[in-house]
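A quick write-up on the structure given underneath.
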Amino acid sequence: MARTGAVVALLALALVLVASTTAMASPSCCSDNRIWGVEEPHHTGCSPDQSGSCNEWCQASCRGGECKFRGGQHVCHCYC
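If you count by mature numbering (1 follows the signal peptide of the UniProt record, and there is no 0), then the sequence shown holds residues -25 to -1, 1 to 55, one letter each, in order.
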């Protein structure tokens, strides 16, 4: 019985890891996404010289996407 519980816990952990990796590659709606970009490694935030690239990726990746300055850094914000 303990072995079954351990297997279920490992499968749940694997599912969470896969879901979080997928979320990095494609932004979700109604949220601010600090991580952006298609190629590895993904970018975190936007420096002023990256704002054009961030906006371009953000607009192509989610509906109404726009890079905004929040919490001291640029994030890709997707509308609902």
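We treat Cβ as the ideally placed atom computed from N, Cα and C, and that holds for glycine.
A quick note: this is a predicted structure, and the numbers were derived from the prediction, not measured.
Exercise for review: Give the DSSP-derived three-state secondary structure of arginine -23 in the structure shown.
Suggested key: helix
Practice item. Apply the 10 Å Cβ neighbour rule to glycine 27 and answer buried if 16 or more other Cβ atoms are within range, or exposed otherwise. Key: In summary, glycine 27 is exposed, with fewer than 16 beta-carbon neighbours lying within 10 Å of its beta-carbon over all protein chains present.
Review point. From isoleucine 10 to glutamine 25, what distance separates their C-alpha atoms?
Key: 13 Å
Review point. Three-state secondary structure (DSSP) at cysteine 51?
Key: strand
Point to revise | Coarse secondary structure for cysteine 42, derived from DSSP in three states | key: strand
Review point. So is glycine 47 buried or exposed if we call it buried at 16+ other beta carbons inside 10 Å?
Key: exposed
Point to revise | Status (buried if at least 16 other CB within 10 Å, exposed otherwise) for glycine 12 | key: By the neighbour-count rule (16 or more Cβ atoms within 10 Å), glycine 12 is buried.
Check your understanding: In the DSSP assignment, what residue or residues form a beta bridge with aspartate 7?
Key -> His52
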